[in-house]
Amino acid sequence: MLDSQITLNCRVATAVISSLGTKKISLEPVTLFSTGTKNLLGAMQHYNVKRLVCITGIGAEDMKGHGGWLYDKLILPLVLKRIYDDKDRQEAEIRSSNLDWIIVRPGFLTNQPAKGSYRVLTDLTGVTASHISRADVAAFVLQQLTDDRYLHQTPLICD
């Protein structure tokens with residue numbers, strides 16, 4: 002997204018949801034997530050927008066090792082490594098900000114209808130992520146705009 006578009010949108014915002022993503026698998030270094038987030042954080046701080054809810058995923062930071070054998074041993078290191086290297090940088094940018102932030106890490110996304118119930122986990126001991134519908138992720142993310150329960154945390158949400 003262009004800096005001017007971020008600035009224009011932050012001028013009238015009270016909170017921001019970031020759901021940056023790419024379908025492109027790259028052999029080159031990825032910077033979309035970290036660069037986009039730096040731009041976003043700068044605009045938020047300039048316009049005094051305090052709340053950020055950011056969606057990352059399984060494989061970022063301390064979520065590594067919780068996706069199941071196939072994901073953890075093959076998909077993440079061989080296919081998604083560059084994307085998640087940048088998501089790690091993205092999360093570091095957010096954590097070092099002075100914002101009220103929540104980093105949401107959904108399980109494996111589905112197009113199923115919302116169930117309205119799912120697990121929200123902050124202690125990942127012995128946890129392997131499962132699936133969750135995009136609709137349930139959206140509902141959880143919207144709730145975080147005003148709920149402080151997971152402030153400065155990185156909850157995993159899954160069925």
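For reference, each letter of the sequence shown is one residue, going 2 to 160 in the numbering used here.
Ideal placement from N, C-alpha and C gives every residue a C-beta, glycine not left out.
Beta strand (DSSP E) segment containing residue i, residue limits
{"i": "A16", "result": "16-19"}
{"i": "S35", "result": "Looking at the DSSP string, S35 is not in any beta strand (DSSP E); the run it does join, the alpha helix (DSSP H), is 33-47."}
{"i": "P107", "result": "101-107"}
{"i": "L157", "result": "157-159"}
{"i": "I59", "result": "First-last for I59: undefined, no H or E at that position."}
{"i": "V121", "result": "120-122"}
Burial state of residue i, where buried means 16 or more other Cβ atoms lie within 10 Å
{"i": "P107", "result": "buried"}
{"i": "H47", "result": "exposed"}
{"i": "D149", "result": "exposed"}
{"i": "L79", "result": "exposed"}
{"i": "W138", "result": "Note that residue 138 is Val in the sequence shown, not Trp. Buried, by the Cβ-count rule."}
{"i": "Q145", "result": "buried"}
Cut-off 6 Å between Cβ atoms - residues of its own chain near residue i, not counting five sequence neighbours on either side
{"i": "M2", "result": "Per-residue confidence for M2 stands at a pLDDT of 48, beneath the threshold of 50, marking its modelled position as unreliable; no derived number is given."}
{"i": "V31", "result": "R83, I84, D87"}
{"i": "R90", "result": "S35"}
{"i": "F109", "result": "H132"}
Run of the alpha helix (DSSP H) containing residue i, from where it starts to where it stops
{"i": "L143", "result": "135-145"}
{"i": "I84", "result": "82-96"}
Expected contact under 8 Å - CB spacing of residue i and residue j to nearest Å
{"i": "A61", "j": "E92", "result": "6 Å"}
{"i": "T155", "j": "I133", "result": "Contact doesn't hold; Cβ gap of about 15 Å is too wide."}
{"i": "T57", "j": "I26", "result": "Not quite, the Cβ-Cβ distance comes to about 17 Å (not below 8 Å), so this is no contact."}
{"i": "L77", "j": "L122", "result": "Not confirmed; about 19 Å, so no contact."}
{"i": "A115", "j": "A136", "result": "4 Å"}
{"i": "V13", "j": "V142", "result": "That pair is no contact at about 19 Å."}
{"i": "R96", "j": "C159", "result": "Incorrect: roughly 22 Å between the Cβ atoms, too far for contact."}
7 Å CB neighbourhood of residue i in its chain, flanking five on each side removed
{"i": "L21", "result": "L33, F34, G37"}
{"i": "L81", "result": "G60"}
{"i": "K51", "result": "L100, D101"}
Bridge partners - residue i, DSSP secondary structure assignment
{"i": "L110", "result": "I133"}
{"i": "R52", "result": "A16, D101"}
Neighbourhood of residue i by C-beta distance below 8 Å, restricted to the same chain and skipping five residues each side
{"i": "D63", "result": "L125, T155"}
{"i": "G66", "result": "D73"}
{"i": "V128", "result": "H67, L122, L157"}
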